[in-house]
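Chains as they are written, first to last, in numbering that gives the first Met the number 0: chain G, 0 to 289; chain H, 0 to 327; chain R, 0 to 420. Here is the structure we will look at.
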Amino acid sequence: MSVVTKAPVRPRDATVGWRTLRPYVMPVLGLLVAFAFLWPYLVMLLNAFRPSADVVQTPASILPREWKWTTFAEVLGDERFLAWLRTSVVVALASTAVVVVVAIPAAYFTARVRFPGRVAFLFLVLVTQMFSPTSLVVGIYREFFTLNLVNTYMAIILTNAAFNLAFAIWILHGFFSSIPKEIEEAAELDGCGRLATLLRIMLSLARPGLVTATIFTFIAAWNEYVVALTLMLDDDRKPLTVGINSYVTGYEQNWDQLFGASIVAIVPVVVLFALIEKHLVGGLTSGAVK
Amino acid sequence: MSSARPMVSGAAATAAPDTAPPSDSKPRRRRARARRGREPLHVALLWLGPALALILGVVVWPVVELVRASLSRYSITGLRRGDAGLENFRQVLANDALDTVLVNTLVWVVAVVALTMLVSLGVAQFLNKDFRGRRLVRWAVIVPWAASLVITARLFTLIYSYYYGVLNALLLKIGLIDTPIDFLGSDAWVMPSMVAVGVFVSIPFTAYVLVAGLNAIPGDVYEAARLDGASPWQAWRLVTLPLLRPAIMVATVLNMIYVFNSFPIIYTLNESNPGFGHDTTITFMYKLAFKSAEKDVGQSAAAGLFNVCIILIAVLAYLRITRWRKES
Amino acid sequence: MRVISSWTAGAARLGVFAAAVTLGLAACSGGTGAGSSSEKATKIKLVAAEYSKDHTKAFWDQFAKTYHDKTGYTLDVQIVSWDDIDQQSSTMVQNNNPPDILNLNAYASYAKDGLLYNADEVLSDSVKSDLLDTFVKSGTYDGKLYGMPDLSSARAMFYNKTLFKSAGIAAPPKTWAEFEDAASKIKALGGGAIGYGLPLGPEEAQGEFSIWTFNNGGDWKKDGAWTVNSPENIATLTFLKGLAGKGLTQNNPGKTNRQDVFDLFASGKVGMVVGFSPLAATLDEAKKVDYGVAPMPTSQAGSEPKTFGVTDYLMAFKKDGNREAVKAFYDLYYQKDQVNTFIKAEGFLPVTKSGVEAFRADPALSSLGTYLDTLPNAQLTPTDDPAWDRVKLAVQQNLGTAITGDPKTVLDKLQAQAEGK
Chain G
0 MSVVTKAPVR PRDATVGWRT LRPYVMPVLG LLVAFAFLWP YLVMLLNAFR PSADVVQTPA
60 SILPREWKWT TFAEVLGDER FLAWLRTSVV VALASTAVVV VVAIPAAYFT ARVRFPGRVA
120 FLFLVLVTQM FSPTSLVVGI YREFFTLNLV NTYMAIILTN AAFNLAFAIW ILHGFFSSIP
180 KEIEEAAELD GCGRLATLLR IMLSLARPGL VTATIFTFIA AWNEYVVALT LMLDDDRKPL
240 TVGINSYVTG YEQNWDQLFG ASIVAIVPVV VLFALIEKHL VGGLTSGAVK
Chain H
0 MSSARPMVSG AAATAAPDTA PPSDSKPRRR RARARRGREP LHVALLWLGP ALALILGVVV
60 WPVVELVRAS LSRYSITGLR RGDAGLENFR QVLANDALDT VLVNTLVWVV AVVALTMLVS
120 LGVAQFLNKD FRGRRLVRWA VIVPWAASLV ITARLFTLIY SYYYGVLNAL LLKIGLIDTP
180 IDFLGSDAWV MPSMVAVGVF VSIPFTAYVL VAGLNAIPGD VYEAARLDGA SPWQAWRLVT
240 LPLLRPAIMV ATVLNMIYVF NSFPIIYTLN ESNPGFGHDT TITFMYKLAF KSAEKDVGQS
300 AAAGLFNVCI ILIAVLAYLR ITRWRKES
Chain R
0 MRVISSWTAG AARLGVFAAA VTLGLAACSG GTGAGSSSEK ATKIKLVAAE YSKDHTKAFW
60 DQFAKTYHDK TGYTLDVQIV SWDDIDQQSS TMVQNNNPPD ILNLNAYASY AKDGLLYNAD
120 EVLSDSVKSD LLDTFVKSGT YDGKLYGMPD LSSARAMFYN KTLFKSAGIA APPKTWAEFE
180 DAASKIKALG GGAIGYGLPL GPEEAQGEFS IWTFNNGGDW KKDGAWTVNS PENIATLTFL
240 KGLAGKGLTQ NNPGKTNRQD VFDLFASGKV GMVVGFSPLA ATLDEAKKVD YGVAPMPTSQ
300 AGSEPKTFGV TDYLMAFKKD GNREAVKAFY DLYYQKDQVN TFIKAEGFLP VTKSGVEAFR
360 ADPALSSLGT YLDTLPNAQL TPTDDPAWDR VKLAVQQNLG TAITGDPKTV LDKLQAQAEG
420 K
């Protein structure tokens, strides 16, 4: 919160009025913006607090006609749900870790060093983003079947990592390139090797980029669907996205539990975000997305 | 591009460690010039190796399989029946619905990306201001991104429903409409309804890329603009926007790719419509394999390769138009 | 230097992975390495569709345990949602790695591709003779039974007694004319009342259409020839389009899926809807709608109402050495305490003669009487014809367009597709 405000400058005569009003107007605007992004999930929350039949009752009613308070207890007391949650946490954290570890050296090196194939590499990275996993899932299955890794966390962690690598490399590449070479040179004069320079100086300078890449990868891995669906056979190894389909089938609908479970599934992401959000703003550094 | 390079605060510059020993001995033997600029291929492989391994192992291998599948003849069960040559590609190109699907795709991508960028610019500016409760607003904005797309899409099918949808109930209540709108069934409304959801879920990601970009713009640039007597609008247009260009471009390119490849929204919101009337190339590809009478994974693979070509060309065209690589 | 060490560890792990990838690629070009044929499988895999969250997995877990205790074989169970099971099974078949047992709503294409065991190979005679004839017929491709039924359902007309009473309709309609009259009267009640809930959307258009056209003397195939555009079928589709045109159905029936009309019926807004036992279970639980179940109305007065039946299949894939284990699977599944328990829990109908007896004898299932009587004579879609697997999809994706288009044109096109044009 200690960020210097960068509000565009206003004409002088309007400034005084605005100064008095600003502390009141801005939070209200903030509330409106928050509502604009939250309202569907408020609908979702209300749907979790009514019996399933009430969700699809005609005519619609915004508030539940009949409140049901047990949904979250049902969901959180369900062993299947807890297993799915566990899988999602493990997979998302591990995928994010792999991406960060793999992307940093690649992004740094391509940002700082000219070498044969540099442009080709960056292009390859971009192109990997263009394949829809839906179209590749058969090949992915074949690969992990050949490697005897079907139904293992390893398989979906590696897949998530590979498909999210491009974003991380791109974002970090931009941040690394925007850090002036002089800083690095100073470090090198002090005798730091390239790796040490990267770890000690560049990483802290590129922190907003790192945070962006982390959030991005975590969310993408958290919400991955089609690959996990295909690779994870055991019910307790399915991630949440795949597992919660069970709540609503063609023959039986538990909308309340589906939405209750979905709300729970959002929480870890928001918590993670809340924990690292302040770094997104980059207190001392100023990296540019490039 | 280099013009957008921000200044660095003194605190960061002095953060350099004093006498850390180099972690590897090789660089020391190299000349300083090489250290700063060039490396031979084998050193590059060391740094890029893990990334390359992941990409080659997990992306390229399945791509090879995809190409193989596109050249094969398959039974409806998925059993491979031999080589098909280019027949699958011909079949896809001959599909009656192809024109509709391509137009839908164009509308979908252009509308979602353009609206997303526009709204996100505003949201990012706002999130970058300092005010009480800003953190909470930032947490709120991330929620549509944090929620799984499959679930958000399902949620919106309920919200949009003709009979029990909250949206219709609300519009009826405040008297904006007399009869419910068939958001997901009326041909005129399906695409706008899907676009609205597409924009809604794309904004958070985009806004945060732009927030990162805004953060990189040093405050003293504005100071200079003010001293020059620029109005807020002028300052934004002449200072913010050009400095934000790199972030805008990254966000646009990535959004183009994600929106083009977006599956759950279109598939779910369009679920009760027969045929290909509101499909994009991605759902078209999926339906070719599993839902339409073709039920042919070979054709679907061919369509998948066409898709990659389309988005590749679109992105390259965008980069060319906006002169992406001005610097390198 | 924790950062560095974790980096090196990650790099090392990736190195291992890279090596594995290289080996994998090598193995890939070396052809598939199937096990030797003499080896007996001790473990088989079941891919089962999920009917309900609380019952499907619970049943199969229990089944796998019993199966292991009784036979010594291990059963790996993978539960897949109906939405995704086509993709899952296709992916497995494409990779020459199908499960040993697959639960699906189609089988004939798999039989045609020579992938399946037939009943002579894996079904005991006692089991085979216990299956209801109508399902043996629908499961028989090219003279042999491949499609072993797991459970069944039959459709019937559900009607809202409260709405019927308010509209002054004494009894459920027996003919199409009576039906249309009843629907008009319900609509005339106003207040958003809908005469008939008609789902011709892509989810299951073939089911809704089947039950109507079967009661008009129509069918998809007759005497081995496709009759998709028969006069009876055209008349049926024209009738349904007429209902929509007169505003007797819900909004946009060509784009409405089954569950949507069920939800409307459960809201008490719809006079009539074609339903099945899972709908009854939902309604009984909510206790909001006073409903009755009646046979379908027929186009002509006095003709016998036809029941539309549906069954899903448990098919067995031929794989080296798995025959004994597969046979043991079926032997156990069709034991009364297994198959009937499963079907009862999921709220469907039996597939065996002994099952029908057991259901009839169970006082808790007395409400199923109507279905049980008609089940042995239920008429099915031509699931025994592999071509139907494709025709069905074409029907799902096109039938709804007749609501705004021309029924004859739509059916002509589907007929051409069925004939393999």
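Using N, Cα and C, we set each Cβ at its ideal position, and we do this for glycine too. Computed from a predicted model, the values in this text were never measured in an experiment.
For residue i, does the count of other Cβ atoms within 10 angstroms reach 16, so buried, or fall short, so exposed?
i: R18 of chain G; result: exposed
i: I216 of chain H; result: buried
i: R319 of chain H; result: exposed
i: Q56 of chain G; result: buried
i: A33 of chain R; result: For A33 of chain R, the pLDDT reaches just 40, beneath the cut-off of 50, and the residue's location in the model is therefore unreliable, leaving the point undetermined.
i: I61 of chain G; result: exposed
i: A300 of chain H; result: buried
i: R30 of chain H; result: Note on R30 of chain H: pLDDT 44, under 50, position unreliable in the model; no value is reported.
i: K290 of chain H; result: buried
i: C308 of chain H; result: exposed
i: P406 of chain R; result: buried
i: S365 of chain R; result: exposed
i: A316 of chain H; result: exposed
i: A195 of chain G; result: buried
i: L22 of chain R; result: Only weak support is given to the placement of L22 of chain R: the predicted model assigns it a pLDDT of 41, under 50, and the question is left unresolved by the model.
i: D233 of chain G; result: exposed
Confirm, please, whether the CB-CB distance from residue j to residue i is below 8 Å.
i: K245 of chain R; j: D384 of chain R; result: no
i: D330 of chain R; j: S123 of chain R; result: yes
i: I158 of chain H; j: G164 of chain H; result: yes
i: I202 of chain H; j: V118 of chain H; result: yes
i: V390 of chain R; j: L130 of chain R; result: no
i: A234 of chain H; j: A224 of chain H; result: yes
i: K160 of chain R; j: G274 of chain R; result: no
i: R72 of chain H; j: R80 of chain H; result: yes
i: Y145 of chain R; j: S276 of chain R; result: no
i: Q128 of chain G; j: I264 of chain H; result: no
i: T240 of chain G; j: A227 of chain G; result: yes
i: E225 of chain R; j: Q414 of chain R; result: This sequence places Trp at residue 225 of chain R; Glu is not what is there. Yes, the pair counts as a contact, with Cβ atoms nearer than the cut-off.
i: L243 of chain H; j: L209 of chain H; result: yes
i: L398 of chain R; j: L114 of chain R; result: no
Have a look at the options and flag the residue whose alpha-carbon is nearest the alpha-carbon of residue i.
i: F305 of chain G; options: G:A160, G:L202, G:L271, G:N147; result: Any question about residue 305 of chain G goes unanswered here, given that chain G covers just 0 to 289.
i: G368 of chain R; options: R:A293, R:G196, R:W81, R:S183; result: R:A293
i: L239 of chain R; options: R:T90, R:V76, R:E207; result: R:E207
i: M295 of chain R; options: R:K69, R:K287, R:P304; result: R:P304
i: I168 of chain G; options: G:L20, G:N147, G:M153, G:V210; result: G:V210
i: H278 of chain G; options: G:F80, G:R117, G:K237, G:I214; result: G:I214
i: L268 of chain H; options: H:L126, H:V189, H:Q298; result: H:V189
i: N232 of chain R; options: R:F213, R:A324, R:V338; result: R:F213
i: F328 of chain R; options: R:V92, R:T55, R:A63, R:A243; result: R:A63
Comparing the CB of residue i with every heavy atom of the ligand ADP, is any distance shorter than 7 Å?
i: F258 of chain G; result: Among the components of this structure there are no ligands whatsoever, and the ligand ADP is therefore not found.
Note down, in chain order, all residues in the segment 102–117 of chain G with a beta-carbon under 9 Å from any beta-carbon belonging to chain R. Within the segment 102–117 of chain G, the qualifying residues are I103, P104.
At least three beta-carbon pairs within less than 8 Å, the segment 187–203 of chain R to the segment 260–274 of chain R: yes
For the segment 50–66 of chain R, which residues have a beta carbon sitting closer than 7 Å to at least one beta carbon of chain G? Y50, S51, K52, K56
Segment contact flag, the segment 115–126 of chain G with the segment 246–264 of chain G, C-beta cutoff 8 Å, min 3 pairs: no
Using Cβ-Cβ distances below 7 Å, what residues of the segment 256–269 of chain G are close to chain H? Identification of residues in the segment 256–269 of chain G having a C-beta nearer than 7 Å to some C-beta of chain H yields S261, A264, I265, V268, V269, given in sequence order.
For the segment 43–57 of chain R against the segment 86–103 of chain R, do three or more pairs of beta-carbon atoms, one drawn from each stretch, fall closer than 8 Å, so that the two count as touching? yes
Listed from N- to C-terminal order along the chain, which residues in the segment 138–155 of chain H have their beta-carbon within a distance smaller than 8 Å of any beta-carbon of chain R? Sequence-ordered contacts of the segment 138–155 of chain H with chain R are nonexistent [C-beta pairs closer than 8 Å].
Meets three-Cβ-pair contact criterion under 8 Å: the segment 84–101 of chain H and the segment 278–288 of chain H: yes
Would you list, in chain order, the members of the segment 74–90 of chain R that have their beta-carbon closer than 9 Å to a beta-carbon of chain G? Residues D75, V76, Q77, I78, V79, S80, W81, D82, D83, Q86, Q87, S89, T90.
Counting beta carbon pairs with one atom in the segment 135–151 of chain H and one in the segment 260–278 of chain G, are three or more of them shorter than 8 Å? yes
Quick test of the definition: if touching needs 3 or more C-beta pairs under 8 Å, does the segment 310–326 of chain R touch the segment 137–156 of chain R? yes
For the segment 62–74 of chain G against the segment 173–185 of chain H, do three or more pairs of beta-carbon atoms, one drawn from each stretch, fall closer than 8 Å, so that the two count as touching? no
Inter-stretch contact at 8 Å, needing at least 3 Cβ pairs: the segment 277–284 of chain R / the segment 74–89 of chain R: no
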